[in-house]
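Chemist: Let me begin by handing over the structure; questions about it come next.
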Amino acid sequence: MFQKFRKVKCDPAQLAGIVLSISILLSVNTAHATESINGHRFISLCVVVDSDYQSKQRFAECESFVGGVREVLGNQTIHGHRACIPGSVPDIQLLVAGIVRMKSVPEQHDGEAHVILAEFFAQRWPCNDR
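Yeah, the sequence shown ends on 155 if you go by the numbering used here, and it's all consecutive.
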């Protein structure tokens with residue numbers, strides 16, 4: 026009925042490193058989900074080139090931001106926008122669609138990126154409330 030778990034010995038330094046890594050990942054994702062950035066900043070985070078020495082860091086921030094928007098939309102609305110994004114849609118698809126959308130509406134770049142993305146995701150993946 027119950028599975029036996031084998032004991033794994035872990036060096037306290039390794040355990041501390043794992044806990045620290047998880048804490049950082051959780052705080053970064055939460056921060057980007059609630060941080061308010063405009064469309065200009067979103068594009069500068071997400072549109073990167075290999076020759077830019079900070080491109081990996083910025084792209085990781087972009088991925089985190091889009092993932093945060095997805096996570097919030099999974100539980101609640103963002104400024105009245107509600108999206109039902111299927112779990113089968115990979116995060117990278119949301120990211121690319123978000124970049125394309127953001128670049129296509131330059132008149133909205135002064136607005137909050139999470140609101141622009143939420144509106145777009147709600148149009149693309151509306152919820153079928155019954």
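Backbone N, C-alpha and C define an ideal beta-carbon position, used for all residues, glycine too.
#1: Would you be able to state if there are at least three C-beta pairs under 8 Å between the region 77 to 93 and the region 146 to 154?
#2: Hey, would you say residue 143 sits closer than 9 Å to residue 104, going by beta carbons?
#3: Buried or exposed, going by whether 16 or more other CB atoms sit within 10 Å of the CB of residue 141?
#4: Whole-angstrom Cβ separation of residue 147 and residue 85, contact assumed at under 8 Å?
#5: Please classify residue 89: is it buried, with 16 or more other beta-carbons within 10 angstroms of its beta-carbon, or exposed?
#6: Would you check if the distance between the CB atom of residue 136 and the CB atom of residue 92 is smaller than 9 Å?
#7: Taking only three categories from DSSP, how would you classify residue 139?
#8: Identify whether residue 117 lies in helix, strand or coil by the three-state DSSP scheme.
Modeler: So, from the data block:
#1: No, because fewer than three Cβ pairs between the region 146 to 154 and the region 77 to 93 fall closer than 8 Å, the two stretches do not touch.
#2: On the sequence shown, residue 143 is found 118 positions in, with the first residue counted as 1. On the sequence shown, residue 104 is found 79 positions in, with the first residue counted as 1. Yes; because the gap between Cβ atoms is below 9 Å, this pair is in contact.
#3: As a working note, residue 141 is residue 116 in the sequence shown. Under this definition residue 141 is a buried residue.
#4: The residue given as residue 147 occupies position 122 in the sequence shown. The residue given as residue 85 occupies position 60 in the sequence shown. In fact, because the Cβ distance is near 26 Å, the residues do not count as touching under 8 Å.
#5: Within the sequence shown, the letter at position 64 stands for residue 89. So residue 89 ends up on the buried side.
#6: Sequence index remark: in the sequence shown, residue 136 carries index 111 (1-based). Sequence index remark: in the sequence shown, residue 92 carries index 67 (1-based). The answer is no: Cβ separation not under 9 Å.
#7: Looking up residue 139 in the sequence shown gives position 114. Looking at residue 139 - three-state DSSP - the assignment turns out to be helix.
#8: Reading the sequence shown from its first residue, position 92 is the one you call residue 117. Judged by DSSP in its simplified three-state form, residue 117 adopts helix.
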